[in-house]
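The structure under discussion appears below in the form of structure tokens.
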Amino acid sequence: MEGDPAPSERELDVLKVLWEMGSGSVREVADKLAPELGLAFNTVQTVLRNMEDKGLVGHRADGRTFVYFPKHTREQVTARFLSKVFGGALDQFVLSMLRAADAAPDELRELEQLIAQARAAKQRKGGS
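Pasting the structure below:
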């Protein structure tokens with residue numbers, strides 16, 4: 001993913017749908033985006049074609065319908081963002097997100113649990 005351009009905000013909206021669905025036709029993606037963004041079929045089709053040109057998605061033919069799929073996982077895109085914006089400093093990323101978002105106490109407890117689980121998994125794998 002190193003050479004690929006970063007997705008735009010609209011492209012991220014499309015990627016979120018594809019990550020959730022696994023893959024989808026232009027119609028399926030447009031239908032998922034319609035409630036929140038109201039994008040027309042032609043707009044979604046154009047965005048997907050541009051995303052394919054940029055290497056963000058691929059497609060396979062299902063009859064006469066193109067079914068699009070993400071070429072990178074959410075984790076890969078997040079890791080690239082972390083590297084580009086925060087120089088790979090996970091603590092600075094998390095601190096920035098906590099300052100930017102108004103996290104509720106139950107969300108913070110859940111984050112603490114996730115961190116504890118990640119720490120335990122890393123220790124099981126022999127990490128530090």
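Under the UniProt record's numbering, the residues of the sequence shown are numbered 1 to 128, in order. The beta carbon of each residue, even a glycine, is placed where N, CA and C say it ideally should be. What you are looking at is a predicted structure, and each value in this text was computed from that prediction instead of being measured.
>> Rounded to the nearest angstrom, what separates Ser23 and Ala103 at their Cα positions?
In response: 32 Å
> Counting Cβ pairs, one atom from each stretch, are 3 or more of them under 8 Å apart for the segment 65–81 and the segment 49–56?
Replying inline: yes
>> Using only CA atoms, which one of Arg10, Ala40 and Ile115 lies nearest to Val94?
In response: Ile115
>> Rounding to the nearest angstrom, what Cα-Cα distance links Thr65 and Glu9 in this structure?
In response: Distance from the CA of Thr65 to the CA of Glu9, rounded to the nearest whole angstrom, comes to 25 Å.
> Just checking my contact of Val44 with Val26 at CB under 8 Å: how many whole Å lie between their CB atoms?
Replying inline: 5 Å
>> Our contact map puts Leu29 next to Leu18 with C-beta atoms below 8 Å; I'd like the distance itself, whole angstroms only.
In response: The sequence given here places Val at residue 29; Leu does not occur at that position. Contact between Val29 and Leu18 holds, with the beta-carbon distance rounding to 7 Å and staying under 8 Å.
> Considering Arg60, what are the terminal residues of the beta strand (DSSP E) in which it resides?
Replying inline: Val57 to Asp62
>> Closest to Asn50 by C-alpha separation, out of Arg109, Gly87 and Pro7, would be which residue?
In response: That would be Pro7, whose Cα lies nearest to the Cα of Asn50.
>> Which residue marks the beginning of the beta strand (DSSP E) containing Thr65, and which one marks its end?
In response: Thr65 to Pro70
> Counting along the chain, where does the alpha helix (DSSP H) carrying Ser96 start and finish?
Replying inline: Leu90 to Ala100
> The alpha helix (DSSP H) with Thr78 in it runs from where to where?
Replying inline: Going by DSSP, Thr78 is part of the alpha helix (DSSP H) stretching over Arg74 to Phe86.
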